[in-house]
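Engineer: Input: one structure, supplied below.
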Amino acid sequence: MSSEKALWSWLKRHLEDKLGGKFERVENRCVEGMPDLHYVIDGVTGWIELKEEEYPSRASTNVHVGLSLFQRAWMMRHQLHGGLVFLLVRIEGECFLFDALTAANKIGNVTRKKFESLALLKTSRRPTKRDWARLRVFLTER
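If you want it as structure tokens, here you go:
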């Protein structure tokens, strides 16, 4: 199982139960860059790109997140037109949520310390009720 599929498998066990709404994994070979996950919560729709990565061994090395140019462009276009688009990265069990513009412009070019500071949300390996509640707020705020 690929790392993104493993992340999706873990998420789907929790998302609808803890956040309500509907979450669907999208595989689209026709539109390059489209995120992996579409959701609807209380009438608010959005997209989430999923990535599973590892921290580099040195603190001074940039954290690699495999966002393609197509993914970065798709995320930016949709957010600039009012769409809700996020990047969710899981590293060593911790999850980090980024808005699309931060993801497209900065992620991949920053050290671990900066990476963590740019996140809208950082969860522990076992997200708490508060983590899930905060995630719901970010995913539904306009």
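Take the sequence shown: its position 76, counting from 1, is numbered 78 in my numbering, and each next residue is one higher.
All C-beta atoms, glycine included, are put in the ideal place defined by N, C-alpha and C.
So Glu-102 and Phe-117 are supposed to be a Cβ contact under 8 Å. How far apart are they, rounded?
Structural biologist: Numbered from 1 along the sequence shown, position 100 holds the residue referred to as residue 102. Numbered from 1 along the sequence shown, position 115 holds the residue referred to as residue 117. For clarity, residue 102 is Ala in the given sequence; the question names Glu instead. Not confirmed; about 16 Å, so no contact.
Engineer: Round the Cβ separation of Leu-141 and Gly-48 to the nearest angstrom and send it over; I've been treating them as touching at under 8 Å.
Structural biologist: As a working note, residue 141 is residue 139 in the sequence shown. As a working note, residue 48 is residue 46 in the sequence shown. Indeed, because the Cβ distance is near 6 Å, the residues count as touching under 8 Å.
Engineer: May I ask you to list the residues that DSSP assigns as paired with Val-42?
Structural biologist: The residue given as residue 42 occupies position 40 in the sequence shown. Looking at the DSSP assignment, Val-42 forms a beta bridge with Lys-24 and Thr-47.
Engineer: If you reduce the DSSP assignment to three classes, tell me which class Thr-104 lands in.
Structural biologist: Along the sequence shown, one-based indexing puts residue 104 at 102. Looking at Thr-104 - three-state DSSP - the assignment turns out to be helix.
Engineer: Using the Cα positions of Glu-143 and Gln-81, report the straight-line distance between them to the nearest angstrom.
Structural biologist: By one-based count along the sequence shown, residue 143 stands at place 141. By one-based count along the sequence shown, residue 81 stands at place 79. Approximately 13 Å between the Cα atoms of the pair.
Engineer: What distance in whole Å lies between the Cβ atoms of Asn-64 and Thr-104, which are believed to be in contact at a cut-off of 8 Å?
Structural biologist: By one-based count along the sequence shown, residue 104 stands at place 102. By one-based count along the sequence shown, residue 64 stands at place 62. Going by Cβ atoms, the distance from Thr-104 to Asn-64 rounds to 15 Å, so no, they are not a contact pair.
Engineer: Keeping to the same chain, check which residues put their C-beta closer than 6 Å to that of Met-3; ignore five residues upstream and five downstream.
Structural biologist: Working through the sequence shown from its first residue, we reach residue 3 at position 1. At Met-3 the pLDDT is 43, less than 50, meaning the model places this residue with poor confidence and gives no usable figure here.
Engineer: Does the distance from the C-beta atom of Pro-37 to that of Leu-13 stay below 9 Å?
Structural biologist: As a working note, residue 37 is residue 35 in the sequence shown. As a working note, residue 13 is residue 11 in the sequence shown. Their beta carbons are not under 9 Å apart, which means Pro-37 does not touch Leu-13 by this criterion.
Engineer: Is Trp-76 closer than 9 Å to Val-28 when the C-beta atoms are compared?
Structural biologist: Along the sequence shown, read from residue 1 onward, the residue named residue 28 stands at position 26. Along the sequence shown, read from residue 1 onward, the residue named residue 76 stands at position 74. Taking 9 Å as the Cβ cut-off, Val-28 and Trp-76 do not qualify as a contacting pair.
Engineer: How many whole angstroms separate the CB atoms of Lys-108 and Leu-99, which I take to be in contact at a CB cut-off of 8 Å?
Structural biologist: Mapped onto the sequence shown, residue 108 falls at position 106. Mapped onto the sequence shown, residue 99 falls at position 97. At roughly 14 Å, the Cβ-Cβ gap does not stay under 8 Å, so Lys-108 and Leu-99 are not in contact.
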